[in-house]
Structures are given as structure tokens and as C-alpha cells.
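Counting from 4, one number per residue, gives the positions in the sequence shown under the numbering used here.
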Amino acid sequence: MKATREEPISALEQATARRLWNWLEGGATTVEAKTGYHLQREGELEATRLLARLAQRADLPRIEITFLAAHALPPDRWARMSSYAKEVGEWCEDAYLAGARFCDVFCDRGYFSVPQTRSILRAALKAKLIPRIHADELDRTGGARLAAELHAVSADHLLRANRADAIALAGAGVVATLAPGTALSIGKLPPVKELVEAGAVIALGTDHNPGTSGITSMSVVVALAVAVFKLSVERALLAATLGGANSISRSDRGVVSAHKLADLVLWEAEHEGAFAWAYGLKPRVVWLRGAQAFA
4 MKATREEPIS ALEQATARRL WNWLEGGATT VEAKTGYHLQ REGELEATRL
54 LARLAQRADL PRIEITFLAA HALPPDRWAR MSSYAKEVGE WCEDAYLAGA
104 RFCDVFCDRG YFSVPQTRSI LRAALKAKLI PRIHADELDR TGGARLAAEL
154 HAVSADHLLR ANRADAIALA GAGVVATLAP GTALSIGKLP PVKELVEAGA
204 VIALGTDHNP GTSGITSMSV VVALAVAVFK LSVERALLAA TLGGANSISR
254 SDRGVVSAHK LADLVLWEAE HEGAFAWAYG LKPRVVWLRG AQAFA
């Protein structure tokens, strides 16, 4: 957070653009990008505007912007979580105007409580932001159940969730977005079998962040999901494509079909099984917005 606050916005924009290009080079044509490393009003809004500017560039992946000012409590606000949560709720309208489409809250032990998260996300809904939740990652505190209650588009991580939570998420139509890299880093796996049996939609993500996952390749994520989560290759690929589209509430991508976006990837593989053993499979050609991005 300190480094982010001290970095000039132009340098942050250039660094973010380079990372986004890495994702495109790895075959990701849409990226959900979050704020959450300023933890103060102007910094969080400036980060939102930065992402909105990058979203206008034709040479980068499509960007879905998530406002995550409720990522943690700023060090200078120690022991005043409730007042900070109230302020974040008040920032939501400005975040929407700055270009955010989603609002996320880290609902967990030592972070935002269920009542605080509910308050922020209700304010987000009033501001036309779509709710999503970092849920039950460090402890089972009720984040998954709150996601179901609010019909959030996604509950992320779910490392401490159980079968009842999986059933609640499936019943409410909440996507379970899982990050195998982070699960390995923390040393705890989500209830994948229970989610599948409950009929929940599963999405896969890198959770690229400075703390728990440096992955920028979705093909690595697919391979890890097969090896660690014990998903079939077909189910893992579905979670990385159509599941990912569902997790950002986009019905125009994630499948190869008429009337969908022409964002396509030709992989250096003879069959889908290659994703299971070739960690970091490389694309041969990537098409973005109907045009060849690189080959």
C-alpha cells in the first residue's frame, strides 16, 4: 500500500499496461482488475480512473473494473473499521462514475465483518455497482452466505466454505470464483467437490496480487485446477472461459458461438489434454475484438 501511494500515477499506469499485455500474451482477452492498494478516497478513485483509461486501449485485453477500497483497514485508521466501512459506502457512487462496474469487499476474520460488508454492498447496489465478495478465505465468517443473500455475482476464494455454503451459493446463482494459486499459497483447498455436487457455477482466476499469487497465465491456472482441485480438463476449461464470463456477468463472451465477441485463442496443442500436463501452455494466435492481436 505504501509503495502504491508513493508511486506516480503515470508509472502505475505503465506498469499496469505491461501486466495486462502479459495476460493477453498468455491468452486472456478479458481481465477483471481491482483497486484496493491505496485505501483512501482519492487514491482508490484515481486507480479506478486509471483502469478506465486502459480499458479504452485497443491493444490491451478488455477490462472489467472492480472497486475494492474495502480490501483492508488503512494503517492510519487502526481500530476504526466501522467508520472506514461507512466511508467506503459513501465513495461507491463516485467509483461508478469513475468507471467501476463492480464493488468487492474482503469479508473475513480481521477484515470486514458480515454487517460491515452488507452495509458497503447495499450502498454499492444503490450506486449501480454489482456486488462481489472475497468470502471465507481465511476463516468461515459468513461471507458465502452473505453473497447468497445479496445475490452477488461472485463469491471468491471460499477456502473455508462448506457443503451448506456451496448449496446456498448454487441456489442463489452466485458464481464460485476459485484461485488455485492462492489456495496453494495459503495451504487450504476450497470445497470443489461440494460446489460441483451442488450445481454451482465455478470460475477460475489467477488472483494476481503482491501477497499470494504472481500468476499471470490462465493456462497455468487450468493446469493447477486439474492437478490440485481434481477438476477434469473439460470442467477446468469451462470454468476458465464460460465460468469466468459468468463471474463478470457477461453473456457475450466465454464461448465460440454466433453473435458472441470475436475474442479467440488458438493454442499450441493437439487436444485439450495438453492443458493438464503443459503448465503454461502458450497460445499460437490470439484474436481480440475480431483482429489478430499477435502470433
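All C-beta atoms, glycine included, are put in the ideal place defined by N, C-alpha and C.
- prompt: Heavy atom of the ligand NAD less than 7 Å from the Cβ of W290, yes or no?
  reply: As for the ligand NAD, it is missing from this structure, which has no ligand bound.
4 or more residues per run - each alpha helix (DSSP H) lying fully within the stretch 112-163: 117-129 and 146-153
query: What do you reckon, are the CB atoms on A72 and I66 nearer than 8 Å?
result: Position 69 of the sequence shown, counting from 1, holds the residue named residue 72. Position 63 of the sequence shown, counting from 1, holds the residue named residue 66. Cβ atoms of A72 and I66: not closer than 8 Å.
field: Alpha carbon of L53 to alpha carbon of L141, nearest angstrom
entry: By one-based count along the sequence shown, residue 53 stands at place 50. By one-based count along the sequence shown, residue 141 stands at place 138. Cα-Cα distance, rounded: 30 Å.
task: Would you kindly report the start and end of the unbroken alpha helix (DSSP H) that includes I12?
output: By one-based count along the sequence shown, residue 12 stands at place 9. Run containing I12: I12 to E28, per the alpha helix (DSSP H) assignment.
- prompt: Between I123 and E35, what straight-line distance do the alpha-carbon atoms span, to the nearest angstrom?
  reply: Translated into positions along the sequence shown, residue 123 becomes position 120. Translated into positions along the sequence shown, residue 35 becomes position 32. Near 20 Å, if we compare the C-alpha coordinates of E35 and I123.
task: Decide yes or no for the touch test of the stretch 257-266 against the stretch 215-224: beta carbon pairs closer than 8 Å, at least 3 of them.
output: no
- request: Just grab the DSSP bridge partners of Q43 for me.
  value: Residue 43 sits at position 40 when you count from the first residue of the sequence shown. According to DSSP, which records beta bridges pairwise, Q43 is partnered with nothing at all.
query: Since E93 is in the alpha helix (DSSP H), which residue starts that stretch and which ends it?
result: The residue given as residue 93 occupies position 90 in the sequence shown. Unbroken alpha helix (DSSP H) run through E93: M84 to A101.
query: Would a check of beta-carbon distances place H74 closer than 8 Å to chain B?
result: Although the question refers to chain B, the structure presented lacks it and comprises just one protein chain.
task: Report the residue from Q119, Y99, V108 and A228 whose alpha carbon sits nearest the alpha carbon of A281.
output: Position 278 of the sequence shown, counting from 1, holds the residue named residue 281. Ranking Q119, Y99, V108 and A228 by Cα distance to A281 puts A228 first.
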